[in-house]
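Below is one structure, written out as structure tokens, with a few remarks after it.
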Amino acid sequence: MSAAQERVAIVTGAARGLGAATARRLAADGLAVAALDLEESASKETVDAIVAAGGKAIAVGVNVSDSDQVGAAVARVAAELGPPTVLVNNAGITRDNLLFKMAEAEWDLVMEVHLRGTFLMTRAVQKYMVDAGFGRVVNLSSTSALGNRGQANYSAAKAGLQGFTKTVAIELGKFGVTCNAVAPGLIETEMTRATAERLGRPWDEYAAARATDIPVGRVGVPDDIAHTVSFLVSEGAGFVSGQVVYVAGGPKA
415 MSAAQERVAI
425 VTGAARGLGA
435 ATARRLAADG
445 LAVAALDLEE
455 SASKETVDAI
465 VAAGGKAIAV
475 GVNVSDSDQV
485 GAAVARVAAE
495 LGPPTVLVNN
505 AGITRDNLLF
515 KMAEAEWDLV
525 MEVHLRGTFL
535 MTRAVQKYMV
545 DAGFGRVVNL
555 SSTSALGNRG
565 QANYSAAKAG
575 LQGFTKTVAI
585 ELGKFGVTCN
595 AVAPGLIETE
605 MTRATAERLG
615 RPWDEYAAAR
625 ATDIPVGRVG
635 VPDDIAHTVS
645 FLVSEGAGFV
655 SGQVVYVAGG
665 PKA
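Take 415 as the starting number for the sequence shown in our numbering and just add one per residue.
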């Protein structure tokens, strides 16, 4: 068994979309995977798919913005799968609104899940990485970090994750831990389909219109992100740290 096959990965927000695709890909790479989501039952489909394919995975329910729940979840992963040395902070939500309409609760909730959640998860897992002399942290940012109408909260949170990523890379690099961010462009998920629906447009029409501004001529799919994460957590990516990789089909958002 290779070193990679012995490693344990935690993926937050693993019930669907980018998180589910990433969890499945890391399992295919030979890692044991803890699929975390707000409700344990929500990750059952992801875990079942991994196990059916011959992998090893467990589902864990956790509110990533709750310190006690995070501590308990990480301890459970360590007990059932082994010390986690790979962490993908993918859990996220949107509460879109124009600035003058945005409620404080909409701002606070997005910050709690994206920023506080990433901080709490990384703080809880880093000790296992430091002890192992190896660690990989990948944070899911977004092209919205560059600014996006109606997403002052989400854009600020995703930009904040980029600063957090670079700081963790500086602090933990000497322990063999890398930290990078992936910033997806438009990816077809339940969340983006809901955006199209909210705008009153069929997904195919919405995606085709958006694709005209993307150099590769299409919108992304979850596996595009999963492949990138797979590289960043690999043994071969040990000299890549503190980077933000825009996976957006071209050089611009």
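Each residue gets a CB set at the ideal place from its N, CA and C atoms; glycine is no exception. Remember, predicted model here, so these are calculated numbers, not experimental data.
At least 3 beta-carbon pairs within less than 8 Å: the stretch 448-455 vs the stretch 470-477: The stretch 448-455, when compared against the stretch 470-477, does touch it at the 8 Å Cβ threshold.
Give me the Cβ distance between Y542 and P497, rounded to the nearest whole Å; I'm assuming they're in contact under 8 Å. Indeed they touch by this definition, with Cβ atoms about 4 Å apart.
Does the Cβ-Cβ distance between A595 and T609 come in under 7 Å? With contacts defined as CB atoms closer than 7 Å, A595 and T609 fail to qualify as a contacting pair.
Short of 6 Å in beta carbon distance, which residues of its chain neighbour V591, apart from the five on each side in sequence? Order them along the chain. Answer for V591: M543, G549, listed in chain order.
Would the stretch 503-512 and the stretch 560-579 be scored as touching if the rule is three or more Cβ pairs under 8 Å? Under the three-pair Cβ rule at 8 Å, the stretch 503-512 counts as touching the stretch 560-579.
By the DSSP assignment, the beta strand (DSSP E) with N553 in it spans what residues? 549-554 is the extent of the beta strand (DSSP E) around N553.
Given A492, which residues of its chain have a CB within under 7 Å of its CB, disregarding the five upstream and five downstream residues? Taken in chain order, the residues that qualify are P498, Y542.
Beta carbon of S558 nearer than 7 Å to that of Y568: Contact: yes.
Cβ neighbours of R530 in the same chain (closer than 7 Å, five flanking residues each side left out): Take R530, set aside five residues on each side of it, and the residues of its chain with a beta-carbon closer than 7 Å to its own are S479, in chain order.
Uninterrupted alpha helix (DSSP H) stretches inside the stretch 585-659 (no shorter than 4 residues): If we require 4 residues or more, the alpha helix (DSSP H) runs fully inside the stretch 585-659 come out as 604-612, 617-625, 636-646.
Over what stretch of residues does the alpha helix (DSSP H) that includes D545 continue unbroken? Taken as a continuous stretch (DSSP letters only), the alpha helix (DSSP H) holding D545 covers 531-546.
Check whether chain C comes within 7 Å of K666, counting only Cβ atoms and requiring the distance to be less than that. Of the protein chains in the structure, only one exists, and it is not chain C.
Please say whether A429 and A466 have beta carbons closer to each other than 7 Å? Contact: no.
Taking C-beta to C-beta, are V502 and V539 nearer than 7 Å? V539 is positioned such that its CB atom lies no closer than 7 Å to that of V502.
Using the rule of at least 16 other Cβ atoms within 10 Å of the residue's Cβ for burial, across every protein chain shown, is V647 buried or exposed? Buried, by the Cβ-count rule.
Looking only at C-alpha atoms, which of I639, G485, P629 sits nearest to V661? Of I639, G485, P629, the residue nearest in Cα terms is I639.
Between A583 and V476, what straight-line distance do the alpha-carbon atoms span, to the nearest angstrom? Those two C-alpha atoms are separated by around 25 Å.
Answer yes or no: do A423 and T460 have a C-beta to C-beta separation smaller than 7 Å? No, these two residues do not count as a Cβ contact at 7 Å.
DSSP beta-bridge partners of Q565: In the DSSP assignment, Q565 is bridged to N511.
Taking C-alpha atoms, which residue in V425, S655, D522 lies nearest to G587? Answer by Cα proximity: S655.
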